[in-house]
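**Q** One point on numbering: in the UniProt record's numbering, the residue at position 529 of the sequence shown is 529, and numbering is uninterrupted.
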Amino acid sequence: MLTEEKRVLTEIIKKNSAFKDVITKLTIDEDLNENEKTYVLSCALMFLKEYANDKKYKSYAEISYFLILKYSIKYSDYKPLYDFSTIFGFYPISNTILENNLLSNNSLDNFFTTIQLQKFQKEIDINKFYIETYEQHKERNSFLNDDSNEKGFLAPTSYGKSSVIIDYIEKLQNNSKIVIIVPTKSLLMQTYKMIRDADLDYKILIHEEMYSNETKFIAVFTQERALRLLKRKKDIFFDVLIIDEAHNILKKVKSGDNRSLLLTRLLRLNKNLNENQKVAYLSPLINEIKNIKIEDNQIIHSHTIEFNIKAPEIYEYKIDNTVVKHNKYFINKLNTGFEIGSYKNFIEYLITNSGKKNFLYYNSPKVIEKLAIELAKNIEKSTDLNDKIIETINNLKEEVHDSFYGVDLLKHGIIYLHGKLPDLIKEYLETKFKELPELNYIIANSVILEGINLPIDTLFILNTYGLHGKELTNLIGRVNRLNDIFKNGNNLNKLLPKVHFINNEFDDKSNTNMFTKIQELRSRVFDDKIENPTLENYDIKKEKADPKVIAKLVNDEEFLVTTPVDELQKLKQYLIENGINLFYSDTDKLAKLLSKKLNSNKFKSSDWNDVKLLDKIYKVFIEDFTKEEKFLVDFEFGRLEQQIARDFYEKYIENRKYSLRENVNHLFKYLKGRKESTDKKHHIYYIGTTYGEIPYKSDKYFKDIHNKNVAIDLTKLTDKQLINYAIVKLKIEDDFISFKLNKFIVFLYDYNLISEDIYHQYVYGTNDKKIISFTKFGLNISLINRIKAKNQLQNLSFDANNNLKANASFKTYLKTLNDFKRFEIERFIS
Numbered sequence: 001m002l003t004e005e006k007r008v009l010t011e012i013i014k015k016n017s018a019f020k021d022v023i024t025k026l027t028i029d030e031d032l033n034e035n036e037k038t039y040v041l042s043c044a045l046m047f048l049k050e051y052a053n054d055k056k057y058k059s060y061a062e063i064s065y066f067l068i069l070k071y072s073i074k075y076s077d078y079k080p081l082y083d084f085s086t087i088f089g090f091y092p093i094s095n096t097i098l099e100n101n102l103l104s105n106n107s108l109d110n111f112f113t114t115i116q117l118q119k120f121q122k123e124i125d126i127n128k129f130y131i132e133t134y135e136q137h138k139e140r141n142s143f144l145n146d147d148s149n150e151k152g153f154l155a156p157t158s159y160g161k162s163s164v165i166i167d168y169i170e171k172l173q174n175n176s177k178i179v180i181i182v183p184t185k186s187l188l189m190q191t192y193k194m195i196r197d198a199d200l201d202y203k204i205l206i207h208e209e210m211y212s213n214e215t216k217f218i219a220v221f222t223q224e225r226a227l228r229l230l231k232r233k234k235d236i237f238f239d240v241l242i243i244d245e246a247h248n249i250l251k252k253v254k255s256g257d258n259r260s261l262l263l264t265r266l267l268r269l270n271k272n273l274n275e276n277q278k279v280a281y282l283s284p285l286i287n288e289i290k291n292i293k294i295e296d297n298q299i300i301h302s303h304t305i306e307f308n309i310k311a312p313e314i315y316e317y318k319i320d321n322t323v324v325k326h327n328k329y330f331i332n333k334l335n336t337g338f339e340i341g342s343y344k345n346f347i348e349y350l351i352t353n354s355g356k357k358n359f360l361y362y363n364s365p366k367v368i369e370k371l372a373i374e375l376a377k378n379i380e381k382s383t384d385l386n387d388k389i390i391e392t393i394n395n396l397k398e399e400v401h402d403s404f405y406g407v408d409l410l411k412h413g414i415i416y417l418h419g420k421l422p423d424l425i426k427e428y429l430e431t432k433f434k435e436l437p438e439l440n441y442i443i444a445n446s447v448i449l450e451g452i453n454l455p456i457d458t459l460f461i462l463n464t465y466g467l468h469g470k471e472l473t474n475l476i477g478r479v480n481r482l483n484d485i486f487k488n489g490n491n492l493n494k495l496l497p498k499v500h501f502i503n504n505e506f507d508d509k510s511n512t513n514m515f516t517k518i519q520e521l522r523s524r525v526f527d528d529k530i531e532n533p534t535l536e537n538y539d540i541k542k543e544k545a546d547p548k549v550i551a552k553l554v555n556d557e558e559f560l561v562t563t564p565v566d567e568l569q570k571l572k573q574y575l576i577e578n579g580i581n582l583f584y585s586d587t588d589k590l591a592k593l594l595s596k597k598l599n600s601n602k603f604k605s606s607d608w609n610d611v612k613l614l615d616k617i618y619k620v621f622i623e624d625f626t627k628e629e630k631f632l633v634d635f636e637f638g639r640l641e642q643q644i645a646r647d648f649y650e651k652y653i654e655n656r657k658y659s660l661r662e663n664v665n666h667l668f669k670y671l672k673g674r675k676e677s678t679d680k681k682h683h684i685y686y687i688g689t690t691y692g693e694i695p696y697k698s699d700k701y702f703k704d705i706h707n708k709n710v711a712i713d714l715t716k717l718t719d720k721q722l723i724n725y726a727i728v729k730l731k732i733e734d735d736f737i738s739f740k741l742n743k744f745i746v747f748l749y750d751y752n753l754i755s756e757d758i759y760h761q762y763v764y765g766t767n768d769k770k771i772i773s774f775t776k777f778g779l780n781i782s783l784i785n786r787i788k789a790k791n792q793l794q795n796l797s798f799d800a801n802n803n804l805k806a807n808a809s810f811k812t813y814l815k816t817l818n819d820f821k822r823f824e825i826e827r828f829i830s
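So this is what it looks like as structure tokens:
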């Protein structure tokens, strides 16, 4: 919202009592008299006229729409909404009104409108289509027909990004080497399925080692996998890069998350290999496309959908138990909402105002679990569970553990999700929430933005940490997705999704004043926060970053595009490319120390072959470095200085061959053994900041985080708590191995410090080439072993386009499995 718009709207509310009264009534759903109804519609026309006179005043158009939408839905008088939608190009609304005979008279004009609307049909399958808004139709076609080398499609959540990707690929030359870059492994499989189901007649790659000199393919990669392919294979480059969730390029570079840096590095590297590369950026969160430029002379064409067809209803539960409702267009420090009631506590408020499918947002995984358990105490268990719910409960008992918190919560219609749940459990529960109407509550954090589209009709925000205007808008966009609104029947009331901000002291007193965050929603656009120092428009003063740290990052990136003059420079480039340098404070020093070790005879003796892998990593990357003050700066990796930690990971990696339940039990027994140990130092267990409750008192590598809660006291935990810690610890350890430990295993292999057999055994869990091909596709070694034990591996094969296919015998075998195991396998089968 422009400053001038804010000033004018504030003045109107302040000086025009009639308008203020009507806005108040409309916002809190009080009845209007006939004169007030006429007045509301007249005001809507006035705002629309102001927008028509000067298109920069977009907020006036939004207010006009809001007034008409609220009026039409409250009074079932759809003529004003129909007229506005037809004139303004909100054609899905026009179509719904006509299809459901919501107008009192069907004129000839309406008949011609119906014919005109057919131009805005977007086919998604045989005899299946949806109607686009005028702006959506225009910007999508403009994007597809734009032959620029770089272009962006910027649109709110649920505005057809997936179909744009498919349409774009179909318009490309049929011999292209295409890569779709997704930020996470969760999105990788989701995007793979979308491409597979589109039947585009391309070979599909989801792992860099699947590449075998094809001249035409679609790769669905994370930025790490794309970079590895370009660095490890000669004469390969991408013709087209499709950057999904492109706003990630703006983010801060951190030790545990350097995806933004890797994205800019990928774009630079591929440009050096192919100066005619085409790049398409897709995002709901980029405001100005120029802010993702890497170079000054870069030209990126922007195709932006400005108007959102949904107008959220915003409620705020205050810490004094009163409830106010806000009008986002008029909210400010003086206009703090309209009081509409009070409740005993926030749980009562939440339950009373629940819809059919409710999303409770909280940032912390630990608190998400506590909140789910607390909510369940206030919702009676269903005494008449249907067969599907009973089946899901039994499957989780059998395949995860009887004591998994999620088992009992299902009886109350509740599930919870967060990034520390093993992916298989998370994806299974997501699917169940989508399929089963009896599941009414999903408690989650931003991990929900990376999963499948869920049928959410009500949003409760209980924590706003890390959420600003953009993130809040994106979160709100998950409520009542457009395909849920414009399916059969009249669902136009869903254009007013209900969003509840709940101030609370449930776990953190910082959640007691959300009004500041709510105020941010008054703006319709939000400035891009440029935190990636390798972007052209990065401002070090604005970001208040450490100049030395920023200079190091920028210099390292520039160094990567130079030709190394000796082995030391090659080693330094390797360390930067693979992110190993981020574990240490000084890249040059690290390169010299490693070079000295590599050139010694220390790792060439026959004794070296007998050293366990984790001990090898210790000897190469940690031993002798611990004397250096603040040199090894990654505390999680630094734990491997301790023999007990190295022994744990040796055993953990070996145990991957077991099922999920078996590994939960293995880890539970390990934790229980430490709890019952007579050695008190075993009672304090490092688990990281997400679940930590007490500081971890240890030697050098933890002294900098003595004040942070990164550990738990096992003696204070029940068996049930230990089991649930074991479940999340599996994910924490899998992430540590995938994103950190594997970098060092790959280094040992690349520098001939381990054999190919050992490398395959630790990374893939096998030396069998056929099994390795399945693990590269995403199947874990435990699942493959189970399939192999039933003599079913021969009934799976890859087709010419790398899709995993099952024959009739395998499909018969699937029917013998429970729903959980079937789901685990069917995720991958075409």
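Even for Gly, the Cβ is constructed at its ideal location relative to N, Cα and C. Since we're looking at a predicted model, the values are computed, not measured.
Could you tell me the distance, in whole angstroms, from the CA atom of Leu660 to the CA atom of Glu139?
**A** Residue 660 sits at position 660 when you count from the first residue of the sequence shown. Residue 139 sits at position 139 when you count from the first residue of the sequence shown. Taking the straight line from one Cα to the other gives about 46 Å.
**Q** Looking at C-alpha atoms only, which residue of Ile456, Asn274, Asn270, Met514 is the closest neighbour of Asn463?
**A** For the purposes of this step, residue 463 is identified with residue 463 of the sequence shown, where counting begins at 1. Ranking Ile456, Asn274, Asn270, Met514 by Cα distance to Asn463 puts Met514 first.
**Q** In whole angstroms, give me the CA-to-CA distance for Glu135 and Pro92.
**A** Mapped onto the sequence shown, residue 135 falls at position 135. Mapped onto the sequence shown, residue 92 falls at position 92. Approximately 12 Å between the Cα atoms of the pair.
**Q** Suppose you measure from the CA of Lys675 to the CA of His683; what does that come to, to the nearest Å?
**A** Translated into positions along the sequence shown, residue 675 becomes position 675. Translated into positions along the sequence shown, residue 683 becomes position 683. So the alpha carbons of these two residues sit roughly 5 Å apart.
**Q** One question on the structure: do Tyr39 and Leu2 come within less than 8 Å of each other, judged by their Cβ atoms?
**A** Your numbering for residue 39 matches position 39 in the sequence shown. Your numbering for residue 2 matches position 2 in the sequence shown. The answer is no: Cβ separation not under 8 Å.
**Q** Quick one: is Asp402 buried, meaning 16 or more other Cβ sit within 10 Å of its Cβ, or exposed?
**A** The residue you call residue 402 lines up with position 402 of the sequence shown. With fewer than 16 other Cβ atoms within 10 Å, it is exposed.
**Q** Identify the continuous alpha helix (DSSP H) that holds Gly355 and give its terminal residues.
**A** Locating residue 355 in the sequence shown gives position 355, counting from the first residue. Here Gly355 belongs to no alpha helix (DSSP H), and DSSP marks it neither H nor E.
**Q** Cα separation between His247 and Lys542?
**A** Translated into positions along the sequence shown, residue 247 becomes position 247. Translated into positions along the sequence shown, residue 542 becomes position 542. Roughly 19 Å separates the two Cα atoms.
**Q** Just to confirm, are Asn308 and Asp528 a CB contact at a threshold of 8 Å?
**A** For the purposes of this step, residue 308 is identified with residue 308 of the sequence shown, where counting begins at 1. For the purposes of this step, residue 528 is identified with residue 528 of the sequence shown, where counting begins at 1. Result no, Cβ atoms of Asn308 and Asp528 do not sit closer than 8 Å.
**Q** Just to check my reading of the structure: Tyr343 and Asn321 have Cβ atoms closer than 8 Å, yes? What is that Cβ distance to the nearest angstrom?
**A** Residue mapping note: residue 343 aligns to position 343 of the sequence shown, counting from 1. Residue mapping note: residue 321 aligns to position 321 of the sequence shown, counting from 1. Between Asn321 and Tyr343 the Cβ distance is about 6 Å, and since that is below 8 Å, they are a contact.
**Q** For a test of the three-state rule: what should DSSP assign to Thr264, helix, strand or coil?
**A** By one-based count along the sequence shown, residue 264 stands at place 264. Of the three classes helix, strand and coil, the one that applies to Thr264 here is helix, per DSSP.
**Q** Going by alpha carbons, who is nearest to Ser148 out of Gln569, Asp31, Glu391, Val240?
**A** What you label residue 148 is simply residue 148 of the sequence shown in a count that begins at 1. Answer by Cα proximity: Val240.
**Q** Measure the alpha-carbon distance for Ala44 versus Ser354 and round it to whole angstroms.
**A** Here residue 44 refers to the residue found at position 44 when the sequence shown is read from its first residue. Here residue 354 refers to the residue found at position 354 when the sequence shown is read from its first residue. Distance between the alpha carbons of Ala44 and Ser354: 31 Å.
**Q** According to DSSP, is Lys700 helix, strand or coil?
**A** Residue numbering aside, residue 700 sits at position 700 when the sequence shown is read from its first letter. Confidence at Lys700 is low in this model, with a pLDDT of 49, below 50, so the placement of that residue should be treated as unreliable; the coordinate-derived value is given next. Looking at Lys700 - three-state DSSP - the assignment turns out to be helix.
**Q** Output needed for Phe359: all residues of its chain with C-beta closer than 6 Å, excluding positions within five of it in sequence on either side, in chain order.
**A** The residue given as residue 359 occupies position 359 in the sequence shown. Only Ile442, Ile456, Leu459 meet the Cβ criterion.
**Q** Give me, in chain order, the residues of the same chain whose beta-carbon lies closer than 8 Å to that of Glu295; leave out the 5 immediate sequence neighbours on both sides.
**A** Position 295 of the sequence shown, counted from the start, is the residue given in the question as residue 295. So the qualifying residues of the chain are Glu536.
**Q** Exposed or buried, what is Leu334 when buried is set at 16 or more other beta-carbons lying within 10 Å of its beta-carbon?
**A** Walking along the sequence shown from the start, residue 334 turns up at place 334. When all chains shown are included, Leu334 counts as exposed.
**Q** Please report the distance separating the alpha-carbon of Ile530 from that of Pro365.
**A** Your numbering for residue 530 matches position 530 in the sequence shown. Your numbering for residue 365 matches position 365 in the sequence shown. Looking at the two C-alpha atoms, the distance is approximately 27 Å.
**Q** Rounded C-beta distance between Tyr361 and Ala444? I'm assuming under 8 Å.
**A** Taking the sequence shown and counting its residues from 1, the one referred to as residue 361 is at position 361. Taking the sequence shown and counting its residues from 1, the one referred to as residue 444 is at position 444. Correct: roughly 7 Å between the Cβ atoms.
**Q** Starting from the Cα of Leu269, find the closest Cα among Asp539, Glu557, Leu429, Lys630 and give me that residue.
**A** Taking the sequence shown and counting its residues from 1, the one referred to as residue 269 is at position 269. Among Asp539, Glu557, Leu429, Lys630, the Cα nearest to that of Leu269 belongs to Glu557.
**Q** Given Lys700, which residues of its chain have a CB within under 7 Å of its CB, disregarding the five upstream and five downstream residues?
**A** Along the sequence shown, read from residue 1 onward, the residue named residue 700 stands at position 700. Unreliable positioning characterises Lys700 in this predicted model, as indicated by a pLDDT of 49, which lies under 50. The coordinate reading is nonetheless provided below. Cβ within range, chain order: Thr626.
**Q** For the putative contact between Tyr759 and Ile745, defined by C-beta atoms under 8 Å, what is the C-beta separation to the nearest angstrom?
**A** Within the sequence shown, residue 759 is the residue found at index 759, counting from 1. Within the sequence shown, residue 745 is the residue found at index 745, counting from 1. 7 Å between Cβ atoms; contact.
**Q** In chain order, which continuous runs of the alpha helix (DSSP H) of length 4 or greater are located wholly inside the stretch 606-664?
**A** 613-621, 635-638, 643-654
**Q** Just the C-alpha distance for Gln519 and Lys318, rounded to the nearest angstrom, thanks.
**A** In the sequence shown, residue 519 corresponds to position 519, counting from 1. In the sequence shown, residue 318 corresponds to position 318, counting from 1. The alpha-carbon atoms of Gln519 and Lys318 are separated by roughly 15 Å.
**Q** Strictly by DSSP, which residues pair up with Gly341?
**A** Walking along the sequence shown from the start, residue 341 turns up at place 341. Note: Gly341 sits in a beta bridge opposite Val323.
**Q** Which of the three DSSP states is assigned to Gln721 in this structure?
**A** In the sequence shown, residue 721 corresponds to position 721, counting from 1. Correct three-state label for Gln721: helix.
**Q** Under three-state DSSP, which class holds Val746?
**A** By one-based count along the sequence shown, residue 746 stands at place 746. Correct three-state label for Val746: helix.
**Q** What residues in its chain sit with their C-beta under 8 Å from that of Asp819, if we drop five residues either side in the sequence?
**A** Counted from its first residue, the sequence shown places residue 819 at position 819. Same-chain partners within the cutoff: Glu391, Thr392, Asn395.
**Q** Mark Phe111 as exposed unless 16 or more other C-beta atoms lie within 10 angstroms of its C-beta, in which case mark it buried.
**A** Stepping through the sequence shown from its first residue, residue 111 is reached at position 111. Exposed, by the Cβ-count rule.
**Q** Could you tell me if Ala52 is buried or exposed, where buried requires 16 or more neighbouring beta carbons within 10 angstroms of its beta carbon?
**A** As a first step, residue 52 must be located in the sequence shown, where it is residue number 52. That one is exposed.
**Q** I think Ile299 touches Ile242, with their Cβ atoms under 8 Å apart; what is that distance to the nearest whole Å?
**A** Your numbering for residue 299 matches position 299 in the sequence shown. Your numbering for residue 242 matches position 242 in the sequence shown. Between Ile242 and Ile299 the Cβ distance is about 18 Å, and since that is not below 8 Å, they are no contact.
**Q** Near Ile181, which residues of its chain fall below 8 Å by C-beta distance, leaving aside the five closest residues on each side in sequence?
**A** Indexing the sequence shown from 1 puts residue 181 at position 181. Excluding sequence neighbours, Ile181 sits near Phe221, Thr222, Gln223, Ala226, Leu241, Ile242, Ile243, Asp244, Leu263, Leu266.
**Q** Does the stretch 227-234 touch the stretch 208-215, meaning 3 or more C-beta pairs lie closer than 8 Å?
**A** yes
**Q** Closest by CA to residue 832, which one among Asn16, Ile292, Leu200?
**A** Absent from the model: residue 832. The displayed extent of the chain is 1 to 830, so no value can be given.
**Q** What's the C-alpha gap between Thr96 and Leu482?
**A** Mapped onto the sequence shown, residue 96 falls at position 96. Mapped onto the sequence shown, residue 482 falls at position 482. Near 12 Å, if we compare the C-alpha coordinates of Leu482 and Thr96.
**Q** Measure the alpha-carbon distance for Val549 versus Asn581 and round it to whole angstroms.
**A** Here the question's residue 549 lines up with position 549 in the sequence shown. Here the question's residue 581 lines up with position 581 in the sequence shown. Using only the alpha carbons, I get a separation of about 12 Å.
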